[in-house]
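Participant: In UniProt numbering, the protein residues as written are 1 to 252. Heads up, the beta-carbon is just placed ideally off N, CA and C, and yes, glycines get one too. Let me give you the structure first, and then I'll get to my questions.
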Amino acid sequence: MSVTQFYDTPQGRRIAYHKSGSAGPTIVFLGGLKSDMEGTKAVHLEAWAKARGQAFLRFDYSGHGESSGRFEEGCIGDWHEDTLAAVAALTQGPLVVVGSSMGGWQALLLAKAIPERIAGMVTIAAAPDFTEDSYWAGFSEAQKAALEQDGQVELPSDYMDPYIVTKRMIEDGRKRLLLREALTLPFPTRFLQGTADEAVRSEVAYRLLDHAEGADIQLLMVKNKDHRFSDEDCLALIEQKVEEVISASVIE
């Protein structure tokens, strides 16, 4: 079992990470909201990469897992800064980015920020723009008033403890929206989505597929799989699609 290492970002946040392997391209796993790098998908994909000798990086955003900070103080932009800092300091060369849920949004933001380094992408229930299209759009007038007055509201979740959504998260999210402007993904890209996902609906996956531009973008809908997307069949499918984009990127 590898030991957690730490990196201090230029913004002063301490990021916990695990890094292994050496063969490129480096696979970077980006987890979901309030998830951490010890999740099933991250750990499984790391083991798969190790067996191949493939370079692999998983880490906790600030306010998540073993990294510094409190979740309630963070926002999409902070976690984007964490991702950029970790990738810049801890990886070299081409990247294959694997993003789960909110990590899918982070993967897309990373591709927009450093497109020259992205060799391929796989997302699982990608949730771009969810702070606006899910949170804000779903708030009642009372919740919107509470957000303005108190600076936060508490939301229940089927996948985690109730959590706080802050005014800062909503306002920062509006600066990171990707489905309102051109989104070019000029590398092999695979979107995975379970039809039984109640947290990120299938409509989001179809909207992302329709919106993104690129020569090799595919969406795979998997019947009866939910947001966790981490049973044996799903994990094997993630492996398959990561290998597929690695192969496609080499061919190109």
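Which first and last residues belong to the alpha helix (DSSP H) in which Leu45 is found?
Facilitator: Position 45 of the sequence shown, counted from the start, is the residue given in the question as residue 45. Segment 40 to 52, the alpha helix (DSSP H) holding Leu45.
Participant: If you draw a straight line from the C-alpha of Lys19 to the C-alpha of Glu141, how long is it?
Facilitator: For the purposes of this step, residue 19 is taken as residue 19 along the sequence shown, with counting starting at 1. For the purposes of this step, residue 141 is taken as residue 141 along the sequence shown, with counting starting at 1. Straight-line Cα distance between these residues: approximately 45 Å.
Participant: Can you name the start and end residues of the beta strand (DSSP E) that Leu177 belongs to?
Facilitator: The count along the sequence shown starts at 1 and reaches residue 177 at position 177. No beta strand (DSSP E) holds Leu177; DSSP gives it neither H nor E.
Participant: Here's the rule: buried if 16 or more other CB atoms are within 10 angstroms of the residue's CB, otherwise exposed. What is Asp150?
Facilitator: What you label residue 150 is simply residue 150 of the sequence shown in a count that begins at 1. Asp150 is exposed by the Cβ-count criterion.
Participant: Using a Cβ-Cβ cut-off of 6 Å (strictly less than) and excluding sequence neighbours within five positions of Gln143, which residues of its own chain qualify?
Facilitator: Start at 1 with the first residue of the sequence shown, and residue 143 comes out as number 143. Cβ neighbours of Gln143 beyond the five flanking positions: Val153.
Participant: Applying the criterion that 16 or more other CB atoms from any shown protein chain within 10 Å of the CB defines a buried residue, is Gln240 buried or exposed?
Facilitator: Mapped onto the sequence shown, residue 240 falls at position 240. Per the 10 Å Cβ criterion, exposed.
Participant: From Glu232 to Met221, what distance separates their C-alpha atoms?
Facilitator: The sequence position of residue 232 within the sequence shown is 232, counting from 1. The sequence position of residue 221 within the sequence shown is 221, counting from 1. About 16 Å.
Participant: Using CA atoms only, rank isn't needed, just tell me which of Met102, Arg70, Ala236, Gln106 is closest to Ala47.
Facilitator: Residue mapping note: residue 47 aligns to position 47 of the sequence shown, counting from 1. It is Ala236 whose Cα lies nearest to the Cα of Ala47.
Participant: Using only the alpha-carbon positions, how far apart do Asp36 and Thr123 sit?
Facilitator: For the purposes of this step, residue 36 is taken as the residue at position 36 of the sequence shown. For the purposes of this step, residue 123 is taken as the residue at position 123 of the sequence shown. The straight-line gap from Cα to Cα measures roughly 16 Å.
Participant: Helix, strand or coil for Lys34, going by three-state DSSP, please let me know.
Facilitator: Residue 34 sits at position 34 when you count from the first residue of the sequence shown. In this structure, Lys34 counts as coil in the three-state DSSP scheme.
Participant: Is the CB-CB distance between Gly77 and Gly69 below 7 Å?
Facilitator: Here residue 77 corresponds to residue number 77 of the sequence shown, with the count starting at 1. Here residue 69 corresponds to residue number 69 of the sequence shown, with the count starting at 1. No. Outside cutoff.
Participant: Rounded C-beta distance between Ala86 and Ile27? I'm assuming under 8 Å.
Facilitator: Translated into positions along the sequence shown, residue 86 becomes position 86. Translated into positions along the sequence shown, residue 27 becomes position 27. Not a contact, Cβ separation roughly 13 Å.
Participant: CA-CA distance, Glu132 and Gln5?
Facilitator: For the purposes of this step, residue 132 is taken as residue 132 along the sequence shown, with counting starting at 1. For the purposes of this step, residue 5 is taken as residue 5 along the sequence shown, with counting starting at 1. Using only the alpha carbons, I get a separation of about 34 Å.
Participant: Judging by CA-CA distance, which residue of Pro128, Glu38, Gly74 is the nearest neighbour of Glu181?
Facilitator: The sequence position of residue 181 within the sequence shown is 181, counting from 1. The option with the nearest alpha carbon to Glu181 is Pro128.
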